[in-house]
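The structure appears right after this line, and notes come after that.
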Amino acid sequence: ATPTALLVGTGRGAQLGILIKGPEVLESTRRVDTIVLDKTGTVTAGEMALESVVPAPGTDADDALAHAGAVEALSEHPIAQAVAAAAETTADPTAQTGGDGVTIGSLQAFDFTSTPGGGVEAVVRQAHSGLSPASTGLGTGSLNARRVVVGRLSLLEADGLTVPPEIHDAVAEAEQSGATAVVVGWGGAARAALVLRDAVKETSAEAVAQLRDLGLHPILLTGDSEAAARTAARAVGIDESDVIARVLPEDKADVVARLRSEGKTVAMVGDGVNDAAALAGADLGLAMGTGTDVAIEASDITLVRGDLRSAATAIQLSRDTLRVIK
Ligand code: ADP
Ligand code: MG
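Under the UniProt record's numbering, the first residue of the sequence shown carries the number 464, and numbering increases by one thereafter.
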């Protein structure tokens, strides 16, 4: 292969919003036969909207949402952005209390931790104007301080929180309809189910058709529920038997490795921190330009426009470039 032709190929890619890390990437791009697509933020817009809040008996829905929003304002996950926005708790950088803390409305959240593919938690309490947790001397042991968890139902259960049947039912019903449901809890109990919906991107179905035309086998991979994954798959034309759901972030790379061990040449398309290991472990990693820096760094190609059709264009481009050379 002449380096000049390869450079022309990568140059053409750049014009099309396809950033190729090096000319050698074109060779692995050409050989790909299987393409694994992350769901949230890749096939879907990753812009969830909060559809409803189903409180547990005795819980006020707005209070539950306010607590969830305070925690989620500290997270960058698409679910977090939707919950924080709905709670009108868009983090105000001028209200930072220092360190990892943030004050939102009358609630202050700090001491944030996240469980990738599971959820997030932080200590939430009534804000004392202008005083950080450290300067009040109350620390996290303050009377009003609550450790609030927001995440998948199984995460709250694993944490030992009591989940009333109303919350179980709300989650099951939401997932049956293809929505995503997370639960907020504190003080030993689940307090509300938060139902969110994410739309598939307008271009995703066309992209999947183009990938099939190129002879690729598309697979949908997600940490979300089976039902939500199947709904998205149906919308874009991916077979139900090619849906792999409820996969933890660390296991996404294992799915890619398994396909490779079966003799497949695997491309992975993703956008999230949770996709980074799978992107790095694939024969070809493609990151959505709209995604996280971690995903972009782990990938061979960046799809600047965040449009899945660019993945098909990249593969077509590599084939055209190498055909010219050979
Ligand atoms: P995907 O593979 O579709 O991009 P993730 O692996 O990021 O999804 O998340 C899987 C699941 O973990 C979500 O559907 C949700 O139940 C839970 N989760 C992850 N992050 C959060 C968060 N910040 N808030 C609430 N739930 C979360
Ligand atoms: Mg994603």
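All residues carry an ideal CB built from backbone N, CA and C; glycine is no exception.
Name the two residues that bound the continuous alpha helix (DSSP H) containing residue i.
i: T640; result: Per the sequence shown, residue 640 should be read as Ser rather than Thr. S640 -> no alpha helix (DSSP H), and no H or E assigned at all.
i: G719; result: Note on residue identity: the sequence assigns Val, not Gly, to residue 719. Taken as a continuous stretch (DSSP letters only), the alpha helix (DSSP H) holding V719 covers 712 to 724.
i: I542; result: 541 to 549
i: E584; result: Run containing E584: none in the alpha helix (DSSP H); it sits in the beta strand (DSSP E), 582 to 589.
i: A741; result: 739 to 744
i: A698; result: 689 to 699
i: G752; result: No alpha helix (DSSP H) holds G752; DSSP gives it neither H nor E.
i: L469; result: 466 to 478
i: V534; result: 524 to 535
Going by CA-CA distance only, name the one from the options that's closest to residue i.
i: R654; options: D525, V710, L489; result: D525
i: V710; options: V471, R493, D501, S491; result: D501
i: V671; options: A662, I682, D661; result: I682
i: L722; options: V495, E689, R475, L482; result: V495
i: A662; options: L674, G650, G648, T643; result: T643
i: V534; options: T765, S577, N737, V718; result: S577
i: T685; options: L479, I764, V736; result: V736
i: G582; options: V546, R660, D756, V718; result: V546
i: V506; options: D574, A695, M731, L679; result: A695
i: A690; options: A635, T753, I483; result: A635
i: S724; options: A739, G744, L679; result: G744
i: G650; options: R610, L677, Q639; result: R610
i: A656; options: T473, L513, I483; result: L513
i: A775; options: S515, T492, V612, Q673; result: Q673
i: T728; options: A652, V499, M751, R475; result: V499
i: L749; options: A548, D714, S491, A527; result: S491
i: D770; options: A758, M751, I759; result: M751
i: R772; options: D574, T467, T625, S667; result: S667
i: P628; options: A621, Q639, A652; result: A652
i: I630; options: H680, V645, T765; result: V645
i: R675; options: I701, S688, D687; result: I701
i: R493; options: D705, E669, L469; result: L469
i: D687; options: R475, L489, S617; result: S617
The beta strand (DSSP E) spanning residue i covers which residue range?
i: V517; result: 512 to 518
i: T576; result: 570 to 578
i: G614; result: 609 to 614
i: G733; result: 729 to 733
Strictly by DSSP, which residues pair up with residue i?
i: H680; result: T497
i: I483; result: I764
i: I759; result: Bridge partners of I759: none, in fact.
i: A653; result: G648
i: T685; result: T685 is not bridged to any residue.
i: V658; result: S515, A644
i: V663; result: T507
i: I707; result: L684
i: T625; result: A652
Given this structure, state the Cα-to-Cα distance separating residue i from residue j, to the nearest angstrom.
i: L785; j: I542; result: 41 Å
i: A590; j: L570; result: 5 Å
i: E510; j: R615; result: 18 Å
i: V471; j: V647; result: 52 Å
i: residue 418; j: G521; result: The question about residue 418 has no answer here: the residues shown for the chain are numbered 464 through 789.
i: A720; j: A608; result: 44 Å
i: A698; j: G641; result: 11 Å
i: T497; j: P518; result: 43 Å
i: D523; j: G726; result: 54 Å
i: E584; j: L780; result: 44 Å
i: A777; j: L747; result: 11 Å
i: V587; j: A637; result: 27 Å
i: R693; j: G504; result: 16 Å
i: E487; j: L659; result: 41 Å
i: D763; j: P579; result: 23 Å
i: A529; j: T753; result: 28 Å
i: T473; j: T467; result: 10 Å
i: H540; j: A708; result: 18 Å
i: G678; j: V757; result: 29 Å
i: I483; j: D734; result: 16 Å
i: V516; j: A633; result: 9 Å
i: A508; j: K664; result: 5 Å
i: I759; j: T765; result: 6 Å
i: G485; j: R475; result: 13 Å
i: A548; j: A761; result: 29 Å
i: A550; j: V626; result: 23 Å
i: A621; j: S704; result: 29 Å
Assuming residue i and residue j make a contact with CB atoms under 8 Å, what is their CB distance in whole Å?
i: L537; j: A572; result: 6 Å
i: R768; j: G480; result: 5 Å
i: A740; j: E713; result: 7 Å
i: V612; j: L624; result: 7 Å
Beta-carbon of residue i versus every beta-carbon of chain D: anything under 8 Å?
i: G650; result: Of the protein chains in the structure, only one exists, and it is not chain D.
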